[in-house]
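Reading through the structure tokens given below for one structure.
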Amino acid sequence: MVTMPARIRTLDRKLLRDLWAMKGQAIAIAAVMAAGVTMFVAYFSNFDSLQRARAAYYEQARFADVFASLKRAPVRLESRIAGLDGVHALATRVVVDVTLDVPGMAEPATGRLISIPERGRPALNDVFLRQGRWPDPVRTDEVLANETFCEAHRLGPGDHIAAIINGRRQPLRIVGVALSPEYVYAIAPGEMFPDTRRFGIFWMNQRSLASAFDMESGFNDVSVTLTPDASEADVIAGLDRLLRPYGGRGAIPQSLQMSAWTLDNELTQLQTFGLLVPAIFLAVAAFVLHVALTRALALQRTQIASLKALGYSNRTVAWHYVKWALSIAAVAAIVGVAVGAWVGSSIMGLYNEFFRFPTLAYYLSPTLALQAIAGALVIAAAGAYSAVRRAVRVPPAEAMRPEAPARYRRSIVEARWRPLRLSFATRMIVRALERQPLKALSSIIGIAFAVAVLFVGLSFLDVMNSLIDEELTTTMRQDAVLTFVEPRPGRAVHDVAHLPGVMEIEAMRTVPARLRAGTRSRTLGISGVPEDPQLVRIIDRARGPMTLPPNGLVLSQMLADVLAVRPGDSLQVEILEGRRPLRQVPVVALVDDSLGLQAYMRVDALRRMLNEGETVTTVALTMDAAARDSFYKAVKAMPVIAGVAMRDVAFQNFRDTMAEHMNLSVFINVIFAGIIAFGVVYNSARVSLSERSRELASLRVLGFTRAEISFILLGEIAILTTIALPAGAAIGYLLGHVIMALFTNEVYRLSFVVSPATIAWTWLTVIGATVLSGLLVRRRLDRLDLVSVLKMPE
Amino acid sequence: MGEVRVEALRGVDFDLTAGEFVVLLGPSGSGKSTLLNILGGLDVPTSGEVLYGGHNLTTATDAALTAYRRTHIGFVFQFYNLIPSLTARENVALVTELVETPMPPQEALGLVGLAQRLDHFPAQLSGGEQQRVAIARAIAKQPAVLLCDEPTGALDITTGVVVLEALERVNRELGTATVVITHNAAIAGMADRVVRLADGRVAGIDRPTRKAAARDLQW
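Just so you know, the protein sequences line up as chains D and H, in that order.
The first sequence maps to residues 1 to 794 in the working numbering.
The second sequence maps to residues 795 to 1013 in the working numbering.
Structural data, given as structure tokens:
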């Protein structure tokens, strides 16, 4: 027992020297592992930070649990709502959408005006004042404006913008810049992508807003918080019952509130990614570690035998070698946590573009850091374990003997293609590969994973581009969509058709409805569209443009999943407008579309169901680009227009914001895939080098030049890489499909696509990493010690 | 840890003439391997000169040393150092492809008595057979000098004699100057000249009066 510590110290000294001797490989393995840890830490710390910011903000701002909008209800209804079982607090408001006239912007924007009490703070959904002051209760034109809109237009306290209220241009004076838990993610109604320039939220005094819209002593929006033991479903049902006579459009829980729902989806995605991507990296790292250690141990065969002969137990020897792996993993984990924190905080900055919180501080929890480190250690130990166990089991006597020459035979390639007349170097390469197919395979798999990781990372750009192209060229072929404040008679379409520059028009009728199937339900707008829509088309991802059957509902595949219905099933449709008919409507078809949750019906069928004439709520149109400015001017002057969605502008903005986000993540991906490729290739080259140094040195002594022996070693790497490139693309393709399937959520569904350029870049990057590690190994080859390598068999 | 300086050879003066069979004899650490490495162009002395047919090897570049080994020198190692993935014939052909006037591989293997084992891989050959392939590999390019580092060191006596016979035959039939280093004094009997090395110096040079045949050697 007394000698134990000394003995351990000696073995540990050996450990340090061995690690130092294989430092190149150790660094390469550590780099791959650190990349995995970095990803894990970056994704999960973002997830944590967003979740913390969200929880703190929702709590602090008293974010409501249930939301409902309606046409108009008298204030006295408040007490009945407050009396509902399970309602803890409530706030009623006036919320209206108007067209904005922003200085310096030709196109019209949508403004959402929200009332705030003259005195005190909103009871629920509190507004956070970032800058400036609250509106003066006696001034009718003072408003708070949301931060992203202000940033987009460089507006601040003291600036003016104009809203078109009841056909009159009314100036609004911004006195403060604000944030709201309802608009952490601010997207205009009816739009697919957020456009901070064209959607502004304004808070103004209750009295001024109510009087402008005939809402004195009334409200059109109510939100409530629940008591701890309340049933959300019961409160929603109670609210719906109370609001029905007042044009209630169906209460929704917080989880379906637009901003909260989007944020939720984003968080889920982060979590999925935070597990999946690092898992791939760490699996590769464990794999590389396993291979490296297996071969390093093969070279230490006699050492292991000697240690055992000297009386070290299998356990001690095994632990000694497992410590190799653990030392590498520990360094990798610490580096990974540090880099992950740095990458994570950089990504955090980008989230700030999409999601606005009063404070979105980057937070890396000690638990997460420890989890990352523990994970790396466990994975490293797992990678090392089987390699070590096998090596340690060798009986000492057997291991002391030098190994017999490896058994080779003529390769299959040579048997098949006799006339090929392979050169000696090529024959050596081919026979070596065939003799140890598993070894070759493991190198190929390693490199292939590098290809796959890069392939998937780069393909996100293609996926996004294809989504945008698909939306631009096939789905949304209109230039603009006008939404009326209220359903309009058919002749309103003609007014739109006569606006300057308008060429084609397509009228639609959208009606708010609640779709119910058993206990599942969703509240959304049913779009009544022509049989064969030409401007706003319905595109199935596999089948292309769809036409609508004369009757029944066509649902997004995702909506059908949410409601658990299939074509042929029947849905209960409760219209939340006008006479509010309640109907059973069959689902006749599903469309596997890309964005949001949609429900379509033929417009004539929808009107029959509503029992109304030729009403329209929305008009899609194409126009002459030359007449744009006069079109915008005319639209801004139309009081009946609640909003204008401009296709090109929206896409441009989305593309810009997205590009920034994507560039960073693609950059990170490229770096990390490069690391994997480099780590794997460098490792397998170093292993081959140490296994064959004797053979290669013999050749040098026999008079072969450096170039000639380099060809033997590097040629092997070249062959492995060549096989790995298409294999990696295939793995990447599968992985891409899996990731896209996991990506599928209610907000969007992506199709996995890859452009030839992506494949080319992937391959070039991996070839680059291979060449680099080849050059590094080549340098060692040049320093091969000819004399010592020949003296003794190792 | 800094480099530790070890002097392996001190003031060695040594000539090798064409067609000679020289045995370098000495105990471990006497510097015989270092001398062989210097003769073979694997190593350069820190001081002194090595001349080969008028060329100064001491000042030669790495590429020039490679070319020197490639055309003029044949090596036979103690542990054979065959390429395990190549057959006997291919191991020999490996070097014949390097030079302009090689001996056909079959002929070289025939010379060492392995005409029947042409297509065997090293793993399928005995130690003595592997060493004879190594000799065939060394002589096939018709080098002027054959350098053998303990060629029988890893072999038993019977097998060792067969290997030595092969060397003897090559020296006799091809006139290849042959240097064999060994610590086995018995081998000295077959030499034209025996150079004894001790402690990095030439301790003595003998010219045996009667050159013994390899098969008559005893140890």
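Every residue gets a Cβ at the ideal spot worked out from N, C-alpha and C, and that includes glycine.
Residues of its chain near residue i, where Cβ-Cβ distance is below 7 Å and the 5 sequence neighbours each way are ignored
| i | result |
| --- | --- |
| residue 885 (chain H) | 876, 877, 927, 931 |
| residue 359 (chain D) | 53 |
| residue 804 (chain H) | 994, 995 |
| residue 592 (chain D) | 540, 541, 542, 557 |
| residue 949 (chain H) | 921, 922, 925, 957 |
| residue 2 (chain D) | Since pLDDT at residue 2 (chain D) reaches only 36, below the 50 mark, its modelled position is unreliable, and no value is offered. |
| residue 294 (chain D) | 387 |
| residue 497 (chain D) | 505 |
| residue 165 (chain D) | 98, 212 |
| residue 38 (chain D) | 336, 339, 340, 343 |
Per-residue DSSP class, three states only, for residue i
| i | result |
| --- | --- |
| residue 23 (chain D) | helix |
| residue 509 (chain D) | strand |
| residue 996 (chain H) | strand |
| residue 273 (chain D) | helix |
| residue 794 (chain D) | Note that residue 794 (chain D) scores 41 on pLDDT, short of 50, meaning its location in the model is unreliable and no value can be drawn from it. |
| residue 664 (chain D) | helix |
| residue 901 (chain H) | helix |
| residue 638 (chain D) | coil |
| residue 850 (chain H) | strand |
| residue 644 (chain D) | strand |
| residue 194 (chain D) | coil |
| residue 58 (chain D) | helix |
| residue 748 (chain D) | strand |
| residue 906 (chain H) | coil |
Other residues of its chain near residue i: CB distance less than 6 Å, five sequence neighbours each side excluded
| i | result |
| --- | --- |
| residue 213 (chain D) | 96 |
| residue 738 (chain H) | In the structure as shown, chain H starts at 795 and stops at 1013, and residue 738 (chain H) therefore has no counterpart that could be examined. |
| residue 112 (chain D) | 97, 201 |
| residue 40 (chain D) | 278, 372 |
| residue 75 (chain D) | 217 |
Any chain H beta carbon closer than 7 Å to residue i
| i | result |
| --- | --- |
| residue 542 (chain D) | no |
| residue 302 (chain D) | no |
| residue 705 (chain D) | yes |
| residue 408 (chain D) | yes |
| residue 757 (chain D) | no |
| residue 424 (chain D) | yes |
| residue 787 (chain D) | yes |
Proximal residues to residue i (C-beta, below 8 Å), its chain only, five neighbours per side dropped
| i | result |
| --- | --- |
| residue 821 (chain H) | 977, 992 |
| residue 850 (chain H) | 843, 844 |
| residue 758 (chain D) | 455, 458, 459, 461, 462 |
| residue 596 (chain D) | 192, 556, 746, 747, 748 |
Neighbour flag for residue i against chain D, beta carbons, 7 Å
| i | result |
| --- | --- |
| residue 945 (chain H) | no |
| residue 743 (chain H) | Beyond the ends of chain H as shown, which are 795 and 1013, falls residue 743 (chain H); an answer cannot be given. |
| residue 860 (chain H) | yes |
| residue 951 (chain H) | no |
| residue 879 (chain H) | yes |
| residue 864 (chain H) | yes |
| residue 870 (chain H) | no |
| residue 815 (chain H) | no |
| residue 978 (chain H) | no |
| residue 889 (chain H) | yes |
| residue 892 (chain H) | yes |
*Note down, in chain order, all residues in the region 895 to 908 of chain H with a beta-carbon under 7 Å from any beta-carbon belonging to chain D.*
If the cut-off is 7 Å between Cβ atoms, the region 895 to 908 of chain H has nothing near chain D.
_If the cut-off is 9 Å on Cβ atoms, which residues from the region 837 to 856 of chain H count as contacting chain D, listed in chain order?_
Contact annotation: in the region 837 to 856 of chain H, residues whose CB is within less than 9 Å of a CB in chain D are 837, 856.
*Taking any Cβ of chain H, which residues in the region 686 to 705 of chain D have a Cβ under 9 Å from it, in chain order?*
Those would be 694, 695, 697, 698, 699, 700, 701, 702, 703, 704, 705, in chain order.
_chain H contacts from the region 423 to 456 of chain D (Cβ-Cβ distance under 8 Å)_ = The region 423 to 456 of chain D vs chain H, Cβ under 8 Å: 424, 427, 428, 431, 432, 435.
*Identify every run of the beta strand (DSSP E) within the region 540 to 576 of chain D, keeping only runs that are complete inside it and at least 3 residues long; order them along the chain.*
Within the region 540 to 576 of chain D, the complete beta strand (DSSP E) runs of at least 3 residues are 553 to 556, 570 to 575.
_To be precise: take each residue of the region 917 to 947 of chain H, compare its Cβ to all Cβ atoms of chain D, and keep it if any distance is under 7 Å. Which residues remain?_
Those residues of the region 917 to 947 of chain H placed with their C-beta closer than 7 Å to a C-beta in chain D are 917, ordered along the chain.
*Just list the beta strand (DSSP E) runs in the region 448 to 525 of chain D, keeping only unbroken ones of 3 residues or longer that don't cross its boundaries, in chain order.*
Along the region 448 to 525 of chain D, the beta strand (DSSP E) occurs as fully enclosed runs of 3 or more residues at 480 to 489, 502 to 517, listed in sequence order.
*Tell me the start and end of each unbroken beta strand (DSSP E) in the region 863 to 903 of chain H that is at least 3 residues and wholly inside, in chain order.*
Listed in chain order, the beta strand (DSSP E) runs fully inside the region 863 to 903 of chain H are 867 to 870, counting runs of at least 3 residues.
*Output the residue ranges of the alpha helix (DSSP H) runs that lie fully inside the region 110 to 166 of chain D and measure 4 residues or longer, sorted by chain position.*
Segments of the alpha helix (DSSP H) lying fully in the region 110 to 166 of chain D: 147 to 153.
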